Amino acid sequence: MTHPYRPLHAPQLQPQLHRPSHSFREFAPSRRLASHVATYWTVDFLPVPGNQGHRVIPDGCVDIIVDLRASSSRQAAYVVGLTTRVEVLRFAQARSVWGIRLYSESAGTILKTPLSTFAANRVFMEELWGQEALDWVEKLLTANSITDRISVVEQQLNRILAAAEASAPTLVYQSMQYIYDYKGNLSVTDLADKVNFSERHLRRAFDRELGLSPKEMLGIVRFQSVLEELYSGDYSRLTDLALQHGYYDQSHFAGAFMRYYGLPLKRLTRQQ
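What follows is the structure, encoded as C-alpha cells:
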C-alpha cells in the first residue's frame with residue numbers, strides 16, 4: 177500500500193549541495209511498509225571549507241537516526257521528533273548517518289510511545305526498546321551493505337507491526353488522512369468539521385499524541401506540497417502557486433518559506 181504523501185528535503189531541491197563532502201541518498205521501503213515508512217536515507221558529511229551543512233526541513237515525520245561511526249550500540253541510535261522550524265546541522269567531525277523516516281500516524285505504534293515524548297529532546301532507542309534495541313543497532317552497525325541494512329530494519333519493523341494490537345483509527349490518524357488528501361490546504365475549523373469533533377478536542381488530541389498542534393501540521397504539509405510543485409516545475413507563476421495553496425499573499429508565502437526552509441524563496445526558483 178502506497179502513501180499519498182512523500183516529503184522532500186534540501187539535497188533533492190538544491191542539486192548544488194551534492195558534492196564529495198555532502199552525500200545524501202534515499203531508498204524506498206518495501207511495498208508492505210510503504211504506508212508506514214516515508215524513506216530510508218543516508219548522509220555522509222565531511223567538515224571541509226565551503227560545506228553549507230545539512231539542512232533539515234520540517235516534514236511532519238519522525239526519524240530514527242543511527243550514527244554509523246558510533247563506537248558502541250548503546251548511544252548510536254536515537255529518535256528525533258516532529259520539528260516546526262528549519263535547522264542547519266554543521267558538524268565538526270566526519271559523520272555517516274543512517275535514517276528511517278516514519279510517518280507520524282505510524283511512528284507511535286512502531287516506537288511504542290506517543291510522539292509528544294520526543295518534542296523537547298532526542299530519546300535513545302535503548303530507552304524505548306531496551307536490550308532489543310541494542311541487539312538491533314548492533315546488526316545495523318555491522319551490516320555489509322545498504323541492502324543488508326534495509327533488511328535488518330524491515331524485519332524489525334514488520335515484527336513490531338505484526339505484534340501490535342489492532343485498534344480503531346485514532347482521531348489524529350483520521351485527521352492526518354484529510355491533511356494529506358487536501359495537501360494541508362485546510363483550516364483547523366474545516367478539519368474539525370470533517371472528523372466531527374470540536375476544534376478544542378482536536379487540538380488536545382494532537383498535543384497528546386504528537387506534541388504538535390493541528391494548525392502546525394497543516395502548515396508543514398501545505399509547505400511540503402509547495403516544495404513538491406517547485407521540484408516538479410509544475411507551475412507558471414509563484415503568485416498563482418501561493419494562492420493555490422492557501423497563502424493569502426506573496427509576503428505570507430515568503431514568510432512560511434523562511435520559517436520552514438531558512439532561505440529566501442528566490443534561491444530555489446527561477447525569477448518570476
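Letter by letter, the sequence shown follows residues 177 to 448 of my numbering. Cβ atoms here follow ideal geometry from the backbone N, Cα and C, with glycine treated the same way. None of these values were measured; they are calculated from a predicted model.
| Check | Outcome |
| --- | --- |
| Residues that residue 449 bridges to, as DSSP identifies them | This structure leaves residue 449 out entirely; the chain is present only between 177 and 448. |
| Closest by C-alpha distance to residue 275, when choosing among 257, 217, 248, 244 | 217 |
| Residue from 197, 245, 239, 212 whose Cα sits closest to the Cα of residue 227 | 197 |
| Given residue 346 as reference, the closest of 425, 338, 285 once Cα atoms are compared | 285 |
| Assigned exposure category for residue 121 - 16 Cβ within 10 Å defines buried | A query on residue 121 cannot be resolved here, the shown segment of the chain reaching from 177 to 448 and no further. |
| Residue(s) in a DSSP beta bridge with residue 230 | 265 |
| Those residues which DSSP pairs with residue 274 across a bridge | 218, 242 |
| Buried or exposed (CB count within 10 angstroms, at least 16 for buried), residue 178 | exposed |
| Of the listed residues 224, 430, 232, nearest to residue 188 (C-alpha basis) | 232 |
| Buried or exposed (CB count within 10 angstroms, at least 16 for buried), residue 341 | exposed |
| Beta-carbon spacing of residue 234, residue 262 below 8 Å | yes |
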